[in-house]
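Student: Heads up: take any position in the sequence shown, counting from 1, add 4, and you land on our numbering.
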Amino acid sequence: MLLKVNNRLQLKPIGLEDAPLIFQTIDSQRVYLGEWLPFVAFTKTQQDTEEFIRSISVQYQQPSSIVYTILYDDNFAGLIGFKEIDRSNSRAELGYWLSELYQKNGIATTCTKYLCNHAFNLMGMNRIQIKCATQNVKSQQVPVRLNFALEGVERQGERFSNDRFVDLNVYSRLKCDGNL
């Protein structure tokens with residue numbers, strides 16, 4: 005089901021048909037995306053992207069991940085979605101990435117706001133968490149703009165292919181904080 009965020013933005017559940025565009029974006033922007041996204045180094049072929057999509061699709065009965073392609077004026081702009089969905093405790097972690105071509109348009113903030121409201125109002129979630137590398141200022145701007153609470157730092161919480169570990173700021177928003 006296509007989610008209409010606004011007149012220019014739509015979220016489409018990820019499918020195998022998206023693999024070529026996703027891989028092309030990753031492959032053509034390896035340096036840019038690879039600075040803060042560890043999976044870039046492991047995504048060497050379109051088949052790697054297809055395997056990622058299949059791994060999500062297998063879980064669709066009670067998914068622990070729900071991923072959407074971000075379409076901006078019907079063009080692929082990036083991915084956004086929930087991972088580590090914990091239905092027992094009504095919480096999930098939200099992650100996102102955008103092609104360099106679509107930065108600085110408010111896309112990540114707008115889509116995050118939309119999905120958080122969707123999670124609180126339609127999925128029964130109570131807590132949404134976002135983790136960003138402590139040095140990734142651009143990514144941190146999204147939860148800050150949306151008044152997520154900075155809870156602390158997860159030390160060396162993410163590992164990159166070169167055995168570099170980065171600390172992660174942990175942000176959260178609760179249903180009782182109100183709609184965004």
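Every residue, glycine too, gets a C-beta built ideally from N, C-alpha and C.
The structure presented is a predicted model; accordingly, all values stated were derived computationally and were not measured.
Leaving out five residues on either side along the sequence, give the residues of the same chain with a beta carbon under 6 Å from the beta carbon of A153.
Tutor: These residues qualify, in order along the chain: S176.
Student: Classify L75: buried if its beta carbon has 16 or more other beta carbons within 10 angstroms, exposed otherwise.
Tutor: Result: buried.
Student: Do you know offhand how far Y72's Cα is from F86's?
Tutor: About 9 Å.
Student: Just verifying my parser: in three-state terms, what is the DSSP assignment at V9?
Tutor: It is coil, neither helix nor strand.
Student: Check whether the segment 6-26 touches the segment 126-137, taking contact to mean three or more Cβ pairs, one atom from each stretch, closer than 8 Å.
Tutor: The segment 6-26 is not in contact with the segment 126-137.
Student: Starting from H44, trace the alpha helix (DSSP H) in both directions and tell me its first and last residue.
Tutor: Correcting the residue type first, residue 44 is Val in the shown sequence and not His. First-last for V44: undefined, no H or E at that position.
Student: Indicate whether N121 and N166 have their beta-carbon atoms separated by less than 8 Å.
Tutor: Contact flag unset, no.
Student: Inspect the CB distances between the segment 134-153 and the segment 111-120 and report whether three or more fall short of 8 Å.
Tutor: Flag = yes, the segment 134-153 and the segment 111-120 touch.
Student: Distance check for T49 and Y106, CA to CA, integer angstroms please.
Tutor: Taking the straight line from one Cα to the other gives about 23 Å.
Student: Spatial neighbours of R159 within its chain, please: C-beta separation below 8 Å, excluding the five flanking residues on both sides.
Tutor: Cβ neighbours of R159 beyond the five flanking positions: D171.
Student: Apart from the five residues just before and just after Q33, which ones in its own chain have a Cβ nearer than 7 Å to its Cβ?
Tutor: Taken in chain order, the residues that qualify are S103 and E104.
Student: Is it buried or exposed for S143, if we count other Cβ within 10 angstroms and need 16 for buried?
Tutor: Buried is the call here.
Student: In the DSSP assignment, the alpha helix (DSSP H) including K142 goes from what residue to what residue?
Tutor: Per DSSP, K142 belongs to the alpha helix (DSSP H) from V141 to R149.
Student: Using a Cβ-Cβ cut-off of 7 Å (strictly less than) and excluding sequence neighbours within five positions of G38, which residues of its own chain qualify?
Tutor: Correct list, in chain order: V44 and A45.
Student: Would N173 be called buried (16 or more neighbouring beta carbons within 10 Å of its own) or exposed?
Tutor: Its Cβ being crowded by 16 or more others within 10 Å, N173 is buried.
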